[in-house]
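K.L.:
A single structure is presented below for examination.
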Amino acid sequence: MESTIVPVTWPADLDLNDLNRFETEARRLRYQALGTVCRDMRLKCLLVAHHADDQAETIMMRLVHGRFRSGLQGMQPADWIPECQGIYGVHHSGGPQDFVSRNRPKPFPIETGGIRMLRPLLGFDKKRLIATCEELDTPWVEDHTNQDPTLTARNAVRHVMHTYKLPKALSNDSLLSLAEHMRGRLRAHATRAENLLVQRTRRTEMDLTTGSLIVDFPSASSFLPRSRISPEIQRTESAISFARNTAYLYLQRIVELISPREVSSIGQLSNAIDVIWPALSLDPPSGTRDINAHATITNVKSEADKKSSNAQPKGFCVFGVWFRPLWSPSDLVPSTLQDDAPSATNIEKSARYLLCRQPLDRNEAQNPNSCINIHPSSPPQWHLFDNRFWLWIKPSHESVMQETPLKIRMLSSKDISSLHKSMADRVEMSKAERYTDGQEENSLQSAPSKYPIDDVSCLNFMLSNTKPADLRYGVPAIFRVEESGEETLLALPTLERGFGFRTAQDVFERRVRYRKIDVGEPNKEFLRFVQGRDLRSFYEEARMGLAGVGTAKKRKFRPRVLEVE
Numbered sequence: 010m011e012s013t014i015v016p017v018t019w020p021a022d023l024d025l026n027d028l029n030r031f032e033t034e035a036r037r038l039r040y041q042a043l044g045t046v047c048r049d050m051r052l053k054c055l056l057v058a059h060h061a062d063d064q065a066e067t068i069m070m071r072l073v074h075g076r077f078r079s080g081l082q083g084m085q086p087a088d089w090i091p092e093c094q095g096i097y098g099v100h101h102s103g104g105p106q107d108f109v110s111r112n113r114p115k116p117f118p119i120e121t122g123g124i125r126m127l128r129p130l131l132g133f134d135k136k137r138l139i140a141t142c143e144e145l146d147t148p149w150v151e152d153h154t155n156q157d158p159t160l161t162a163r164n165a166v167r168h169v170m171h172t173y174k175l176p177k178a179l180s181n182d183s184l185l186s187l188a189e190h191m192r193g194r195l196r197a198h199a200t201r202a203e204n205l206l207v208q209r210t211r212r213t214e215m216d217l218t219t220g221s222l223i224v225d226f227p228s229a230s231s232f233l234p235r236s237r238i239s240p241e242i243q244r245t246e247s248a249i250s251f252a253r254n255t256a257y258l259y260l261q262r263i264v265e266l267i268s269p270r271e272v273s274s275i276g277q278l279s280n281a282i283d284v285i286w287p288a289l290s291l292d293p294p295s296g297t298r299d300i301n302a303h304a305t306i307t308n309v310k311s312e313a314d315k316k317s318s319n320a321q322p323k324g325f326c327v328f329g330v331w332f333r334p335l336w337s338p339s340d341l342v343p344s345t346l347q348d349d350a351p352s353a354t355n356i357e358k359s360a361r362y363l364l365c366r367q368p369l370d371r372n373e374a375q376n377p378n379s380c381i382n383i384h385p386s387s388p389p390q391w392h393l394f395d396n397r398f399w400l401w402i403k404p405s406h407e408s409v410m411q412e413t414p415l416k417i418r419m420l421s422s423k424d425i426s427s428l429h430k431s432m433a434d435r436v437e438m439s440k441a442e443r444y445t446d447g448q449e450e451n452s453l454q455s456a457p458s459k460y461p462i463d464d465v466s467c468l469n470f471m472l473s474n475t476k477p478a479d480l481r482y483g484v485p486a487i488f489r490v491e492e493s494g495e496e497t498l499l500a501l502p503t504l505e506r507g508f509g510f511r512t513a514q515d516v517f518e519r520r521v522r523y524r525k526i527d528v529g530e531p532n533k534e535f536l537r538f539v540q541g542r543d544l545r546s547f548y549e550e551a552r553m554g555l556a557g558v559g560t561a562k563k564r565k566f567r568p569r570v571l572e573v574e
């Protein structure tokens, strides 16, 4: 078997006496080096030698740190290589597919691929592996630093487990059994959550151009265990806990589609469950749920709970995703018809939300990591922007941009104001030119198609027709950076693909792909891909519902047509 030595470059500011940072940096650099080598050698899988003793140590460490939910699964036999975020071809990328949904094609590809990490030895303990090596006259090699209990937390846990007699519940066999049990439980909840996603009558709608979703969340009762036991037993604290565990994984699948962050701990979704499904709260207001008497979660409520349910739900943020309620469940059916509508009770338990990227706060906007600077001499490469969009940019050969740096960042209100000013200046200039030619002032309004549409007009059109308007603050924008530091908006690469415009075509080439997401198994996709114009029509429908109109009539959005001479 051929071997390769992969060099690692340590950060210049690394303090070797800082053991915690040393361990963290060593792990990060090790996986990045291995992942890059796999990509360059066109290898799709990396095999590592974690064994059963390592798994038991991992479970013990997670018990110590209080990771009692998904953490107790331990290491997975097959997983994606960690610590490689943003490295194209290694981190969930490198094999795009132009998947076409049954309803509408996507405006640009969604990434696939990435390096898988396999652990084939998790089922074998260390003693058995050593015995196998001895039987085959193969030397067993081990890093001597693994035996120093003062070096890392894992070493300390390993020392305690091997040196002291621990209770049987903390033996290797017990810890491994616990991990297997937790994996089985989570598989059951994940399967149930996936079925709920697929079974929804109204699909989750995703607009890739803005990275936003419209979701009809199922009723709280949908998450309850289905069994032949009495309804009273199904509504016990145990059943509510079961439902919450499924709801965690359901929300995780939704949030992972658009979150700018790695959704590593589903425990942070607890508050989201309480807001979307108050009936699943483990600590409901007094009198709102008698778990021993109620036949259903939502059909018996106190007066206080009824008032609470009639109030408009409020928006909230989690994992960088802004949950925005589009309408109250009661608005879906007019109040005069609710008693006669056979499905009113089902509608009453559901909720429709618009999910989008949480707006940047001041600290995020000023963080250097929130933007990507591209030097004109840099070779073209893929950049992961906001952990959502992969962008590839190459200056044109004859373009002045070969000497001017570019910047990719989010739009701000200041950018919009500057664009509007440029548009106003252009209109005034056009009016002045018409007066010079002896034409009337209002002819600009009567015959706009006679005027060439420049980049400023295209950018303004795309932003004006992105609804809701604040979605435009979550899309990538490409700026030219002048020597003075002033930034000029050049392109909106994701919106261009949705509206069919291309600005600054002679300045630079660009490609766009959405990050890798799981849309479900073939022929069982729970997503329907839409574009900006479709999303606007859904938003207008929702806005009418919020205004108390009831079931809004679906309106067809007809965009303003701009013609170029």
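In the numbering used here, the protein residues as written are 10 to 574. Just so you know, even glycine gets a beta-carbon here, dropped at the ideal spot from N, CA and C. Because the structure is a prediction, the values reported are computed rather than measured.
Ile282 and Ala256 look like a contact to me (Cβ under 8 Å); what is the Cβ gap, rounded to whole Å?
P.N.:
Contact holds; Cβ gap of about 5 Å.
K.L.:
Taking 8 Å as the cut-off, does the stretch 96 to 106 touch the stretch 204 to 219 (at least 3 CB pairs, one atom from each stretch)?
P.N.:
Taking 8 Å as the limit for Cβ pairs, the verdict is that the stretch 96 to 106 does not touch the stretch 204 to 219.
K.L.:
Is it buried or exposed, Tyr173, if we count other Cβ atoms within 10 angstroms and call 16 or more buried?
P.N.:
Label assigned to Tyr173: exposed.
K.L.:
Pick from Arg361, Met50, Glu66, Leu536: whose alpha carbon is nearest that of Ser180?
P.N.:
For Ser180, the nearest C-alpha among the options comes from Glu66.
K.L.:
Give me the Cα-Cα distance between Thr307 and Lys403, rounded to the nearest whole angstrom.
P.N.:
Because the pLDDT at Thr307 is just 33, under 50, the model does not fix this residue reliably, and the value given afterwards should be weighed accordingly. Going by the C-alpha atoms only, they are around 56 Å apart.
K.L.:
How would you write the range of the alpha helix (DSSP H) that Tyr173 sits in, first residue to last?
P.N.:
It is not in any alpha helix (DSSP H) - Tyr173 carries neither H nor E in the DSSP assignment.
K.L.:
Taking the beta strand (DSSP E) that Leu364 belongs to, which residues open and close that run?
P.N.:
Unbroken beta strand (DSSP E) run through Leu364: 360 to 366.
K.L.:
Report yes if the CB atom of Pro368 is closer than 9 Å to the CB atom of Leu217, and no otherwise.
P.N.:
No, the Cβ-Cβ distance between Pro368 and Leu217 is not below 9 Å.
K.L.:
Which one or two residues does DSSP pair with Ile223 in a beta bridge?
P.N.:
Per DSSP, Glu214, Leu363.
K.L.:
Of all the options Gly329, Met191, Leu233, which has the alpha carbon lying nearest to the alpha carbon of Trp286?
P.N.:
It is Leu233.
K.L.:
Distance check for Asn396 and Thr147, CA to CA, integer angstroms please.
P.N.:
When rounded, the distance between both Cα atoms is 44 Å.
K.L.:
Since Arg361 contacts Leu335 with CB under 8 Å, what's their CB separation in whole angstroms?
P.N.:
Rounded, the Cβ-Cβ distance is 5 Å, consistent with contact.
K.L.:
Which whole runs of the beta strand (DSSP E) in the stretch 11 to 67 are 3 residues long or more, in chain order?
P.N.:
You should have 54 to 56.
K.L.:
What are the boundary residues of the alpha helix (DSSP H) that includes Phe251?
P.N.:
Looking at the DSSP string, the run of the alpha helix (DSSP H) that includes Phe251 is 246 to 264.
K.L.:
On the DSSP bridge assignment, give the partners of Asp88 in chain order.
P.N.:
Per DSSP, Met126.
K.L.:
Hey, could you find the ends of the beta strand (DSSP E) Arg519 is sitting in?
P.N.:
Here the beta strand (DSSP E) through Arg519 covers 517 to 523.
K.L.:
Going by DSSP, name the residue or residues bridged to Val417.
P.N.:
With the sequence shown as reference, residue 417 is identified as Ile, and Val is not the correct amino acid for it. BP columns for Ile417 point to Ile381, Ile487.
K.L.:
Rounded to whole angstroms, what is the Cα-Cα separation between Lys316 and Gln540?
P.N.:
Any reading at Lys316 must be qualified, since the residue scores a pLDDT of 41, below 50, and its modelled position is unreliable; the value itself is stated next. Rounded to whole angstroms, Lys316 to Gln540 spans 37 Å at the Cα level.
K.L.:
For Ile526, name the three-state secondary structure that DSSP assigns.
P.N.:
Reduced to three states, the DSSP call for Ile526 is coil.
K.L.:
If you draw a straight line from the alpha carbon of Leu52 to that of Gly122, how long is it in whole angstroms?
P.N.:
If I take the Cα positions, the gap works out to 11 Å.
K.L.:
Between which two residues does the beta strand (DSSP E) containing His190 stretch?
P.N.:
Where His190 is concerned, there is no enclosing beta strand (DSSP E), although the alpha helix (DSSP H) it sits in stretches over 181 to 208.
K.L.:
Among Phe332, Ile249, Leu28, Arg520, whose alpha-carbon lies nearest the alpha-carbon of Asn164?
P.N.:
Per the Cα distances, Leu28.
K.L.:
Give me the Cα-Cα distance between Leu56 and Ser12, rounded to the nearest whole angstrom.
P.N.:
If I take the Cα positions, the gap works out to 14 Å.
K.L.:
So for Arg537, helix, strand or coil by DSSP?
P.N.:
Strand, per DSSP.
K.L.:
By Cβ distance, which residues of its chain are closer than 6 Å to Ala35, with the 5 residues on each side in sequence left out?
P.N.:
Closer than 6 Å at the Cβ level, and outside the excluded window around Ala35, lies no residue.
K.L.:
I'd like to know if the stretch 246 to 254 and the stretch 530 to 538 are in contact, where contact means that at least 3 CB-CB pairs between them fall below 8 Å.
P.N.:
No: fewer than three Cβ pairs fall under 8 Å.
K.L.:
Rounded to a whole number of angstroms, what is the C-alpha to C-alpha distance between Leu258 and Gly220?
P.N.:
Cα to Cα, Leu258 sits roughly 20 Å from Gly220.
K.L.:
What do you get for Pro388, buried or exposed, if any count of 16 or more other CB atoms within 10 angstroms of its CB means buried?
P.N.:
Burial call: exposed.
K.L.:
Per DSSP, what kind of secondary structure is Phe133 in: helix, strand or coil?
P.N.:
It is coil, neither helix nor strand.
K.L.:
Whole-angstrom Cβ separation of Gly44 and Ile90, contact assumed at under 8 Å?
P.N.:
Rounded, the Cβ-Cβ distance is 5 Å, consistent with contact.
K.L.:
Indicate whether the contact test is met: 3 or more Cβ pairs, each with one atom in the stretch 77 to 90 and one in the stretch 177 to 195, closer than 8 Å.
P.N.:
Segments in contact, yes.
K.L.:
Helix, strand or coil for Arg167? Go by DSSP, reduced to three states.
P.N.:
If DSSP states are grouped into helix, strand and coil, Arg167 belongs with the helices.
K.L.:
Give the DSSP-derived three-state secondary structure of Gly103 in the structure shown.
P.N.:
Gly103 falls in the strand class under three-state DSSP.
K.L.:
Roughly how many angstroms lie between the CA atoms of Gln64 and Ala58, to the nearest whole one?
P.N.:
The straight-line gap from Cα to Cα measures roughly 11 Å.
K.L.:
Can you give me the C-alpha to C-alpha distance between Ser426 and Gly276, rounded to a whole angstrom?
P.N.:
Going from the Cα of Ser426 to the Cα of Gly276 covers about 40 Å.
K.L.:
Report, in whole angstroms, the separation of the C-beta atoms of Phe398 and Arg524, which I expect to be a contact under 8 Å.
P.N.:
At roughly 7 Å, the Cβ-Cβ gap stays under 8 Å, so Phe398 and Arg524 are in contact.
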